[in-house]
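Colleague:
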Amino acid sequence: MQQGTLMRKVKSKSWKKQRYFKLQEDCMTIWYQSKRTGKTESAFSISDVETVREGHQSEVLQSVAEEFPPERCFTIVFYGRRGNLDLIAGSAEEAQCWVQGLRQLIEPTSFPLTFAPFSRTWIRDWFQKADKNKDGRMNFKEVQRLLKMMNVDMNEDHALRLFQDADKSESGTLEGEEFVLFYKALTQREEVLSLFQEFSEDGKKLTLLELVDFLQQEQLEDEGTEELAMELIDKYEPSETARARHVLSADGFLMYLCSPEGSIFNPQHRALWQDMSQPLCHYFISSSHNTYLIEDQIRGQSSIEGYIRALKRGCRCLEVDCWDGPNGEPMVYHGHTFTSKIPFREVVSTLGKYAFKVRHPSPGAGGRGWSSVGEDTWELVMLASSSAGSRGTWPWKHGVAQSASLSPTPQELKHKILLKGKKIGRLEDTLDGPGDEVPDVSDDDNGAEAEEERRRAKVRGTQHGSALQKDKESLAQALSDCVIYCKNVPFRGFQEARSHSRPSEISSLSEAKARKLIRDEGNEFVRHNAWQLTRIYPSGMRTDSSNYSPQEMWNVGCQIVALNFQTAGTEMDLCDGLFSQNGCCGYVLKPPFMRDKETLFNPSDPSSREGPSPITLTIQVISGQQLPKVANSKEGAIIDPLVRVEIYGVPADQAHQETKYIENNGFNPRWDETLQFQLHVPELALIRFVVEDYDKTSRNDFVGQFTLAFANIKPGYRHIHLLSKDGTSIPPSSLFVHIRITE
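Encoded structure:
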């Protein structure tokens, strides 16, 4: 890794400042300083970096593409919503040195930190933070500072005793292996050791049969248990001698409980586990609203980063608002607002790079609001949407059912992109007829929202001069020909749709309109969504890019529930929680009673669901481990954590309960409290675990959360690996719980 490298930091075409970039000796931190003043401008941790992109893969670097070749350019992408860092190196060799070096540093180890209680990388990180004078040793004063940094409020005498026990050299300082010993003593898990000894006859090891007993009795593993026990010993037992004897030590037992196999999330459901040969309307589909926006709806920035982030998050339905720009070049932005603009060509190029790259191969995204564009531009769409080896051809030319009475399946549409839009050619579909976004404004729609929806209905672009009318018609017909399975139609009631609509058609509804239908015609809504796609979009009043609850829309089977992906919060936690299963492909199969066109199910009446009686979910919240500090908290502040469990589902299942708070202990709090819930429709339930810092004078502060569908829960003793407000992991922060499910 090159150190002290002079590079250009780029914010815009006109803002390019030279900065010295240097990797610090801990190999965990990069700082950069001004060339002119020599003053350190900023620093960031390697752990904050998600990925590094080479070349002109941002709007900023694309704007200087004529000035600087792609070989010298790269972008550092951070987790969460922190802005990217666009850099131009002095040479292609320097750029490669940084790109490859950064990738090696952020590359996950063979044993991820999240699952390794005694990861040496993690221990080294803490050591570097606390070693104030950087002499490679740690005195007791530095250890006390370390405890504060780690959210530990420990009795000084106890801390000194741990320090002295680890100081084998009796030098008054800890170094190397001594600090590892101190850290292991600090992270001793009494609750796990007690559980281990409950199944161990000698209290020192679990034999193969004892481990089988634990897996069967507590973890409720019922198939191939002995083979599973052997696999766990081979995978997580650190001692070669113990592995050879087929026994599991206390350290190995803890390793297992912190691993994917010990997670609350069923590891088999992380992979693609559902039937993907059902019609599209039988799936919930991860969907975004105004995908190009990364801020608010009025003055926010439009960016291809919005598409990249959404696709990497598993989103499968993207939105493109396309308007005529200078010289007839289509531009993407939020029309009639002050949001910035990006060329449509760049959006298409981005989709081509990322649509099928990150997540499990699956059908592509639909868009709406397209203006008339040139044939060369649509050729790009064709290339982006075609499968490998079939470039330049359209999705429906590859063995997909062509009858309009049939709905294609995700399996048939792998590596394809569907366009959602108007389709002309029939008498009712004239070129200038109403689009799908012309609202059925309900009584509870206020005037401002109605006006916003009328504005959205005009996204068709404008041609200048009557001489262009023929070209306009020709291009619009070409665009219409691209719309096969997602033809926009206005919604005029469920009876009208059942009589005249087709499975290949789709209607869009505002959140207010959808709520009124849920309230007045819940069962009809569920039946409608069993055979036709429905898209829900946010109120025009949500100018701050806030979100509505997607759960109430999923409760009636709405497939395309569009959210503002740029806004963190409970709503996006629910979205991530639902779609984190099934290979993160962005498609989740609806329950059987929501795929039947004659279903009697109504979410407001749980008894209408045919199936087993309600189940009881019992959650014992045992402990927490290394919970993060609250952002921007005072130095030395220790959190007072509590755990709240929230249930989202049909109205009868909505509930929440919480534990007491633990004073001044974010490192290893113990709650040992039991919470119990009754679920009438578990197939639709999402469970959200939230950790907060209790504050008696004001609102509690968010610490971390984890959300998953009830169907993905593994019973038994399980760890819950917490996520940040942005949905990124915060290792090694976790909760330890015991789960029971009974009828």
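Numbering follows full-length UniProt numbering, with no gaps: position 730 of the sequence shown is 730. We treat Cβ as the ideally placed atom computed from N, Cα and C, and that holds for glycine. What you are looking at is a predicted structure, and each value in this text was computed from that prediction instead of being measured.
Would you mind sorting residue 6 into buried or exposed? The rule is 16 or more other CB atoms within 10 Å of its CB.
Modeller: The residue given as residue 6 occupies position 6 in the sequence shown. Exposed, because fewer than 16 other Cβ atoms sit within 10 Å of the Cβ of residue 6.
Colleague: Taking the straight line between their C-alpha atoms, what separation do you get for residue 335 and residue 235?
Modeller: Within the sequence shown, residue 335 is the residue found at index 335, counting from 1. Within the sequence shown, residue 235 is the residue found at index 235, counting from 1. Residue 335 and residue 235: Cα-Cα distance of roughly 55 Å.
Colleague: Might you give, ordered along the chain, the residues of its own chain that have their beta carbon closer than 7 Å to the beta carbon of residue 162, omitting 5 neighbours on each side?
Modeller: Reading the sequence shown from its first residue, position 162 is the one you call residue 162. Here the set comprises 182, 185, 186.
Colleague: Let me confirm a value: residue 241 is counted as buried when at least 16 other C-beta atoms fall within 10 Å, else exposed. Which label applies?
Modeller: Locating residue 241 in the sequence shown gives position 241, where the first residue counts as 1. Classification for residue 241: exposed.
Colleague: Return the CA-CA distance between residue 615 and residue 679, expressed in angstroms with no decimal places.
Modeller: By 1-based counting over the sequence shown, the position of residue 615 is 615. By 1-based counting over the sequence shown, the position of residue 679 is 679. Cα to Cα, residue 615 sits roughly 5 Å from residue 679.
Colleague: Tell me whether residue 145 sits in a helix, a strand or coil according to DSSP, three-state version.
Modeller: The sequence position of residue 145 within the sequence shown is 145, counting from 1. Of the three classes helix, strand and coil, the one that applies to residue 145 here is helix, per DSSP.
Colleague: Within 10 angstroms of the Cβ of residue 737, are there 16 or more other Cβ atoms? Answer buried if so, exposed if not.
Modeller: Numbered from its first residue, the sequence shown carries residue 737 at position 737. With 16 or more Cβ atoms within 10 Å of its Cβ, residue 737 is classed as buried.
Colleague: Is residue 215 buried or exposed, if buried means 16 or more other CB atoms sit within 10 Å of its CB?
Modeller: The residue labelled residue 215 in the question sits at position 215 within the sequence shown. Buried.
Colleague: Which term fits residue 327, buried or exposed, when burial requires 16 or more other beta carbons within 10 angstroms of its beta carbon?
Modeller: As a working mapping, residue 327 is identified with position 327 in the sequence shown. By the neighbour-count rule (16 or more Cβ atoms within 10 Å), residue 327 is not buried but exposed.
Colleague: Report, in whole angstroms, the separation of the C-beta atoms of residue 307 and residue 587, which I expect to be a contact under 8 Å.
Modeller: As a working note, residue 307 is residue 307 in the sequence shown. As a working note, residue 587 is residue 587 in the sequence shown. Incorrect: roughly 19 Å between the Cβ atoms, too far for contact.
Colleague: Please report the distance separating the alpha-carbon of residue 355 from that of residue 275.
Modeller: For the purposes of this step, residue 355 is taken as residue 355 along the sequence shown, with counting starting at 1. For the purposes of this step, residue 275 is taken as residue 275 along the sequence shown, with counting starting at 1. For residue 355 and residue 275, the distance between alpha carbons rounds to 22 Å.
Colleague: Quick check on DSSP: helix, strand or coil for residue 600?
Modeller: In the sequence shown, residue 600 corresponds to position 600, counting from 1. Reduced to three states, the DSSP call for residue 600 is coil.
Colleague: Would you kindly work out how many angstroms separate the C-alpha atoms of residue 218 and residue 716, rounded to a whole number?
Modeller: To locate residue 218, count along the sequence shown from 1; it is residue 218. To locate residue 716, count along the sequence shown from 1; it is residue 716. Distance between the alpha carbons of residue 218 and residue 716 is about 5 Å.
Colleague: Going by beta carbon distance, what residues of the same chain come within less than 8 Å of residue 291, once the five residues before and after it are set aside?
Modeller: Along the sequence shown, read from residue 1 onward, the residue named residue 291 stands at position 291. Here the set comprises 306, 307, 310, 315, 318, 319, 320, 565.
Colleague: Taking all protein chains shown into account, decide if residue 330 is buried (16 or more other Cβ within 10 angstroms of its Cβ) or exposed.
Modeller: Locating residue 330 in the sequence shown gives position 330, where the first residue counts as 1. Classification of residue 330: buried, given that the 10 Å Cβ count is 16 or more.
Colleague: Judging by CA-CA distance, which residue of 511, 424, 627, 555 is the nearest neighbour of residue 803?
Modeller: Since the first residue of the chain shown is 1 and the last is 743, residue 803 is not available in this structure.
Colleague: What did DSSP end up calling residue 585 once you bin it into helix, strand or coil?
Modeller: Your numbering for residue 585 matches position 585 in the sequence shown. Correct three-state label for residue 585: coil.
Colleague: Thinking residue 726 and residue 544 are a contact (beta carbons under 8 Å), I'd like their distance in whole angstroms, please.
Modeller: As a first step, residue 726 must be located in the sequence shown, where it is residue number 726. As a first step, residue 544 must be located in the sequence shown, where it is residue number 544. That belief does not hold up - the Cβ atoms of residue 726 and residue 544 are roughly 17 Å apart, past 8 Å.
Colleague: Measuring CA to CA, which of 698, 637, 8, 418 is closest to residue 666?
Modeller: Residue 666 sits at position 666 when you count from the first residue of the sequence shown. It is 637.
Colleague: If you draw a straight line from the C-alpha of residue 634 to the C-alpha of residue 143, how long is it?
Modeller: Reading the sequence shown from its first residue, position 634 is the one you call residue 634. Reading the sequence shown from its first residue, position 143 is the one you call residue 143. Whole-angstrom Cα-Cα distance: 19 Å.
Colleague: Suppose you measure from the CA of residue 222 to the CA of residue 86; what does that come to, to the nearest Å?
Modeller: Translated into the one-based positions of the sequence shown, residue 222 becomes position 222. Translated into the one-based positions of the sequence shown, residue 86 becomes position 86. If I take the Cα positions, the gap works out to 52 Å.
Colleague: State buried or exposed for residue 465, treating a residue as buried only when at least 16 other CB atoms are found within 10 Å of its CB.
Modeller: On the sequence shown, residue 465 is found 465 positions in, with the first residue counted as 1. With a pLDDT of 46 at residue 465, under the threshold of 50, the modelled position of that residue is not reliable, and the figure given next carries that caveat. By the 10 Å Cβ count, residue 465 comes out exposed.
Colleague: Go ahead and pull the three-state DSSP assignment for residue 181.
Modeller: By one-based count along the sequence shown, residue 181 stands at place 181. Helix.
Colleague: What's the gap between the Cα of residue 537 and the Cα of residue 191?
Modeller: Translated into positions along the sequence shown, residue 537 becomes position 537. Translated into positions along the sequence shown, residue 191 becomes position 191. Answer to the nearest angstrom: the Cα atoms are 47 Å apart.
Colleague: Could you tell me if residue 15 is buried or exposed, where buried requires 16 or more neighbouring beta carbons within 10 angstroms of its beta carbon?
Modeller: Indexing the sequence shown from 1 puts residue 15 at position 15. Result: exposed.
Colleague: Which same chain residues, not among the five before or five after residue 766, have their C-beta less than 6 Å away from its C-beta?
Modeller: Shown here, the chain extends from 1 to 743; a query on residue 766 therefore has no answer.
Colleague: I need the boundaries of the beta strand (DSSP E) containing residue 324, first residue and last residue.
Modeller: On the sequence shown, position 324 is the one that residue 324 refers to. Start and end: 322-324.
Colleague: Leaving out five residues on either side along the sequence, give the residues of the same chain with a beta carbon under 8 Å from the beta carbon of residue 711.
Modeller: On the sequence shown, position 711 is the one that residue 711 refers to. Around residue 711: 269, 581, 682, 683.
Colleague: Cα-Cα, which of 210, 127, 67 is closest to residue 177?
Modeller: Here the question's residue 177 lines up with position 177 in the sequence shown. Of the candidates 210, 127, 67, the one whose C-alpha sits nearest the C-alpha of residue 177 is 127.
Colleague: Name the DSSP beta bridge partners of residue 620, please?
Modeller: The sequence position of residue 620 within the sequence shown is 620, counting from 1. DSSP output for residue 620 lists 674, 738 as bridge partner(s).
Colleague: Under three-state DSSP, which class holds residue 307?
Modeller: Position 307 of the sequence shown holds residue 307. Here residue 307 sits in helix by DSSP.
Colleague: If residue 624 sits next to residue 592, beta carbons under 8 Å apart, how far is it from one beta carbon to the other, in whole angstroms?
Modeller: Stepping through the sequence shown from its first residue, residue 624 is reached at position 624. Stepping through the sequence shown from its first residue, residue 592 is reached at position 592. So it is not a contact: roughly 38 Å between Cβ atoms.
Colleague: Tell me the DSSP secondary structure of residue 733 in three-state form.
Modeller: Here the question's residue 733 lines up with position 733 in the sequence shown. Correct three-state label for residue 733: strand.
Colleague: Going along the chain, which unbroken runs of the alpha helix (DSSP H) with 4 or more residues stay wholly within the stretch 27-66?
Modeller: Here the runs fully enclosed are 59-63.
Colleague: Pull up the distance between the alpha-carbon of residue 707 and that of residue 739, whole angstroms please.
Modeller: Numbered from 1 along the sequence shown, position 707 holds the residue referred to as residue 707. Numbered from 1 along the sequence shown, position 739 holds the residue referred to as residue 739. If I take the Cα positions, the gap works out to 15 Å.
Colleague: Residues in the same chain with beta-carbon distance under 7 Å from residue 243, minus the five sequence neighbours each way, listed in chain order, please.
Modeller: By 1-based counting over the sequence shown, the position of residue 243 is 243. Here the set comprises 233, 234, 237.
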